[in-house]
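**Q**
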Amino acid sequence: MAAFPFEIEATDGKARTGVLKTPRGDIRTPAFMPVGTAATVKAMTVDQVKDTGADIILGNTYHLMLRPSAERVKRLGGLHKFMRWDKPILTDSGGFQVMSLSGISKLTEEAVTFSSHVDGSKHVLTPERSIEIQADLLGSDIVMQLDECVAWPAEEARARKGMELSARWAKRSKDAFGTRDTQVLFGIQQGSTFENLRRESSERLREIGFDGYAIGGLAVGEGHQAMCEVLDYAPGFLPEDRPRYLMGVGKPIDLVEAVARGVDMFDCVLPTRSGRHGQAWTWDGPINLKNAKYAEDETPLDPDSDCPASRDYSKAYLRHLFKAEEILGQVLLSWHNIAFFQALTAAMRAAIAEGRFEQFRRDFAARHLGG
Ligand SMILES: CNc1nc2c(CC[C@H]3O[C@@H](OC)[C@@H]4OC(C)(C)O[C@@H]43)c3nc(N)[nH]c(=O)c3cc2[nH]1
1032 MAAFPFEIEA TDGKARTGVL KTPRGDIRTP AFMPVGTAAT VKAMTVDQVK DTGADIILGN
1092 TYHLMLRPSA ERVKRLGGLH KFMRWDKPIL TDSGGFQVMS LSGISKLTEE AVTFSSHVDG
1152 SKHVLTPERS IEIQADLLGS DIVMQLDECV AWPAEEARAR KGMELSARWA KRSKDAFGTR
1212 DTQVLFGIQQ GSTFENLRRE SSERLREIGF DGYAIGGLAV GEGHQAMCEV LDYAPGFLPE
1272 DRPRYLMGVG KPIDLVEAVA RGVDMFDCVL PTRSGRHGQA WTWDGPINLK NAKYAEDETP
1332 LDPDSDCPAS RDYSKAYLRH LFKAEEILGQ VLLSWHNIAF FQALTAAMRA AIAEGRFEQF
1392 RRDFAARHLG G
């Protein structure tokens, strides 16, 4: 019996909408999970994040084990209390960040050993240590197995090695996690862009058994087209009655095209990171607010939004804040972008529930990419 019931309320083609029920609250799917890497969704308060409609945020083993340390977060009551977020938290296991952020790192059957990008100190991350950090010290609700995300492009033999290591680490993660009734563990499908490896990865994960399944190894430079080609088959290899989480994705068009292929959950730094640099995401596509054409544009980013950052501030004012390098610009645009990503997933949930997702998908692409 799964610890977190996943109720699919409607399907439309391969797209699904439903609710993942957790002790800390329900997660409506398709869901976009704002990234809160170092115990903060950057430039936003947890109340602003909640206001956008986000049901769940992301935390991360790698960043928090380095600073302030997972043990200190535990002593301070765990991640939810520490950052005052009382809804669900999903934590990534740290392997991806070790490869992409830390200096020297060594990968063996046993562990990933690396030096901190913060102070150069040495650290070891095993599947068992990652579970301890996520489940026992940070206290996250959805825990990810430790895996190896192979860089793209990869030779098939290299991709197989990474997929097989990840499958062995999936077993070690599951054994270390044990059975818990208020937290769940997700396995991570690997296999780069090779259909046979993705199928084999999924079979190994299903044998072990997880409460949810992530699709890893994508959004690593392959581009939208190649990602969609993998998503034409990869979600279908996973159990259809459990949540499917596409890691690190993505742009709005990526979310829509992945939902069309059966994905339920997403995370991406794009809305917050691009917001800090003056890029606003809208139904009509992204706009760069530093552009001179907005210098006296008194219209807001979205008058129909219930988010104050989208509805109440003129583009002229937002542009001024970025030109003057005022912190408020980063705050307001992060808030607007997260609100837009939540509005997009809410619109997709409604379209699927009403059996009109294909029309939504066509209309969205025409307007958002229309230029
Ligand atoms: C951007 N493209 C992308 N990100 C990926 C991730 C990490 C996702 C995490 O990295 C950050 O996004 C960059 C987010 O902030 C924290 C909180 C650190 O967690 C999120 C992955 N993680 C694991 N374990 N395995 C993968 O195969 C994998 C693939 C990815 N592709």
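Heads up, the sequence shown is in my numbering, so the first residue is 1032 and it goes up one at a time. For glycine and all other residues, C-beta sits at the position ideal for the given N, C-alpha and C. If you're wondering where the values come from, they're calculated on a predicted model, not measured in any experiment.
1) Does residue 1119 pass the burial test, meaning 16 or more other C-beta atoms within 10 Å, or should it be called exposed?
2) Check whether the Cβ atoms of residue 1182 and residue 1251 sit closer than 8 Å, and answer yes or no.
3) Would you decide whether residue 1358 is buried or exposed? Buried here means 16 or more other CB atoms lie within 10 Å of its CB.
4) Would the C-beta of residue 1165 count as close to ligand 1, meaning under 7 Å from any of its heavy atoms?
5) Roughly how many angstroms separate the alpha carbons of residue 1389 and residue 1297, rounded to a whole number?
6) Is it the case that the region 1054-1069 contacts the region 1100-1119, given that we only count it when at least three CB pairs across the two stretches are under 8 Å?
7) If I'm right that residue 1361 touches residue 1307 with Cβ under 8 Å, what's the distance once you round it to whole angstroms?
8) Consult DSSP for residue 1274 and reduce its assignment to one of helix, strand or coil.
9) What's the C-alpha gap between residue 984 and residue 1260?
10) Spell out the partners DSSP gives residue 1312 in its beta bridges.
11) For ligand 1, is there a heavy atom less than 7 Å away from the beta-carbon of residue 1123?
12) Report yes if the C-beta distance between residue 1214 and residue 1247 is below 8 Å; otherwise report no.
13) Using the C-alpha atoms, what's the distance from residue 1350 back to residue 1228?
14) Taking 7 Å as the line, does the beta carbon of residue 1259 fall inside it for any heavy atom of ligand 1?
15) State the DSSP-derived secondary structure class of residue 1368, mapped to helix, strand or coil.
16) Measuring only the C-alpha atoms, how far is residue 1237 from residue 1038?
17) What are the residues that DSSP puts in a beta bridge with residue 1153?
18) Could you check where the alpha helix (DSSP H) with residue 1268 kicks off and where it finishes?
19) Give the straight-line distance between the Cα atoms of residue 1154 and residue 1178, rounded to the nearest whole angstrom.
20) Drop a sphere of 10 angstroms on the beta-carbon of residue 1368, count the other beta-carbons inside from all chains shown, and report buried for 16 or more, exposed for fewer.
21) Go to residue 1303, then tell me how far its alpha helix (DSSP H) extends in each direction, as first and last residue.
22) Going along the chain, which residues of its own chain have a beta-carbon closer than 6 Å to the beta-carbon of residue 1097, five neighbours each way excluded?
23) List in chain order: all unbroken beta strand (DSSP E) runs of 3+ residues lying wholly within the region 1189-1265.
24) From the DSSP output, read off the bridge partner residues of residue 1088.
25) Let me check you understand the geometry: is the CB of residue 1222 closer than 7 Å to at least one non-hydrogen atom of ligand 1?
26) Can you tell me which of 1256, 1192 and 1320 puts its alpha carbon nearest to the alpha carbon of residue 1138?
27) In the DSSP assignment, what are the bridge partners of residue 1345?
28) Closer than 7 Å to a non-hydrogen atom of ligand 1 - does that hold for the CB of residue 1320?
29) Assess contact between the region 1195-1214 and the region 1156-1175, defined as three or more Cβ pairs (one per stretch) separated by less than 8 Å. Is contact present?
30) Any idea if residue 1201 is buried or exposed, counting beta-carbon neighbours within 10 angstroms, 16 or more meaning buried?
31) What are the start and end residues of the beta strand (DSSP E) that includes residue 1174?
32) By a C-beta neighbour count over all protein chains shown, 10 Å radius and 16 as the cutoff for buried, is residue 1112 buried or exposed?
33) Shorter than 7 Å, the distance from the beta carbon of residue 1130 to the closest heavy atom of ligand 1, or not?
34) Decide yes or no for the touch test of the region 1283-1290 against the region 1382-1402: beta carbon pairs closer than 8 Å, at least 3 of them.
35) Applying the 10 Å Cβ sphere with the 16-neighbour rule, what's the burial state of residue 1295?
36) Cutting at 7 Å between CB atoms, please list the residues of its own chain near residue 1382, excluding the five before and the five after it.
**A** On the basis of the supplied data:
1) Here residue 1119 is taken as the residue at index 88 of the sequence shown, counted from 1. Classification of residue 1119: buried, given that the 10 Å Cβ count is 16 or more.
2) Counted from its first residue, the sequence shown places residue 1182 at position 151. Counted from its first residue, the sequence shown places residue 1251 at position 220. Going by C-beta atoms, residue 1182 is nearer than 8 Å to residue 1251.
3) Along the sequence shown, read from residue 1 onward, the residue named residue 1358 stands at position 327. It is exposed - the Cβ of residue 1358 has fewer than 16 other Cβ atoms within 10 Å.
4) Counted from its first residue, the sequence shown places residue 1165 at position 134. No - ligand 1 has no heavy atom lying nearer than 7 Å to the Cβ of residue 1165.
5) Here residue 1389 refers to the residue found at position 358 of the sequence shown. Here residue 1297 refers to the residue found at position 266 of the sequence shown. C-alpha of residue 1389 to C-alpha of residue 1297: approximately 20 Å in a straight line.
6) With a cut-off of 8 Å, the region 1054-1069 and the region 1100-1119 count as touching, because enough Cβ pairs lie within range.
7) Walking along the sequence shown from the start, residue 1361 turns up at place 330. Walking along the sequence shown from the start, residue 1307 turns up at place 276. Taking 8 Å as the upper bound for CB-CB distance, residue 1361 and residue 1307 are in contact here, some 5 Å apart.
8) Looking up residue 1274 in the sequence shown gives position 243. Three-state result, residue 1274: coil.
9) Because the chain here runs from 1032 to 1402, residue 984 falls outside it and cannot be looked at.
10) Here the question's residue 1312 lines up with position 281 in the sequence shown. Answer is 1317.
11) Your numbering for residue 1123 matches position 92 in the sequence shown. It does: the Cβ of residue 1123 is within 7 Å (strictly closer) of some heavy atom of ligand 1.
12) In the sequence shown, residue 1214 corresponds to position 183, counting from 1. In the sequence shown, residue 1247 corresponds to position 216, counting from 1. Not in contact: residue 1214 and residue 1247 (Cβ atoms no closer than 8 Å).
13) Taking the sequence shown and counting its residues from 1, the one referred to as residue 1228 is at position 197. Taking the sequence shown and counting its residues from 1, the one referred to as residue 1350 is at position 319. Those two C-alpha atoms are separated by around 47 Å.
14) Locating residue 1259 in the sequence shown gives position 228, where the first residue counts as 1. Checking every heavy atom of ligand 1 against the Cβ of residue 1259, none is found closer than 7 Å.
15) In the sequence shown, counting from the first residue as 1, residue 1368 sits at position 337. Here residue 1368 sits in helix by DSSP.
16) On the sequence shown, position 206 is the one that residue 1237 refers to. On the sequence shown, position 7 is the one that residue 1038 refers to. Cα to Cα, residue 1237 sits roughly 19 Å from residue 1038.
17) Taking the sequence shown and counting its residues from 1, one reaches residue 1153 at position 122. Residue pairing from DSSP places residue 1153 in a beta bridge opposite 1146.
18) Position 237 of the sequence shown holds residue 1268. Taken as a continuous stretch (DSSP letters only), residue 1268 belongs to no alpha helix (DSSP H), as it is neither H nor E.
19) As a position in the sequence shown, residue 1154 is number 123, starting the count at 1. As a position in the sequence shown, residue 1178 is number 147, starting the count at 1. Between the C-alpha atoms of residue 1154 and residue 1178 there is a straight-line separation of about 17 Å.
20) Within the sequence shown, residue 1368 is the residue found at index 337, counting from 1. With 16 or more other Cβ atoms within 10 Å, it is buried.
21) Along the sequence shown, read from residue 1 onward, the residue named residue 1303 stands at position 272. From DSSP, the alpha helix (DSSP H) with residue 1303 extends over 1301-1307.
22) Within the sequence shown, the letter at position 66 stands for residue 1097. The residues are 1147 and 1149.
23) Taken in chain order, the complete beta strand (DSSP E) segments of 3 or more residues contained in the region 1189-1265 are 1215-1220 and 1243-1246.
24) Locating residue 1088 in the sequence shown gives position 57, where the first residue counts as 1. Under the DSSP definition of a beta bridge, residue 1088 partners with 1120.
25) Locating residue 1222 in the sequence shown gives position 191, counting from the first residue. Outside the cutoff, so no.
26) The residue given as residue 1138 occupies position 107 in the sequence shown. The candidate whose alpha carbon is nearest that of residue 1138 is 1192.
27) Stepping through the sequence shown from its first residue, residue 1345 is reached at position 314. DSSP lists 1331 as partners of residue 1345.
28) To locate residue 1320, count along the sequence shown from 1; it is residue 289. No - ligand 1 has no heavy atom lying nearer than 7 Å to the Cβ of residue 1320.
29) Short answer: they touch.
30) The residue labelled residue 1201 in the question sits at position 170 within the sequence shown. Of the other Cβ atoms in all chains shown, 16 or more fall within 10 Å of the Cβ of residue 1201; this residue is therefore buried.
31) Numbered from its first residue, the sequence shown carries residue 1174 at position 143. Element bounds for residue 1174: 1173-1175.
32) If you number the sequence shown from 1, residue 1112 lands on position 81. Label assigned to residue 1112: exposed.
33) Residue mapping note: residue 1130 aligns to position 99 of the sequence shown, counting from 1. Residue side-chain check: residue 1130 keeps its Cβ at 7 Å or more from all non-hydrogen atoms of ligand 1.
34) They touch, by the three-pair rule.
35) Here residue 1295 refers to the residue found at position 264 of the sequence shown. Residue 1295 is buried by the Cβ-count criterion.
36) Here residue 1382 refers to the residue found at position 351 when the sequence shown is read from its first residue. Excluding sequence neighbours, residue 1382 sits near 1388 and 1391.
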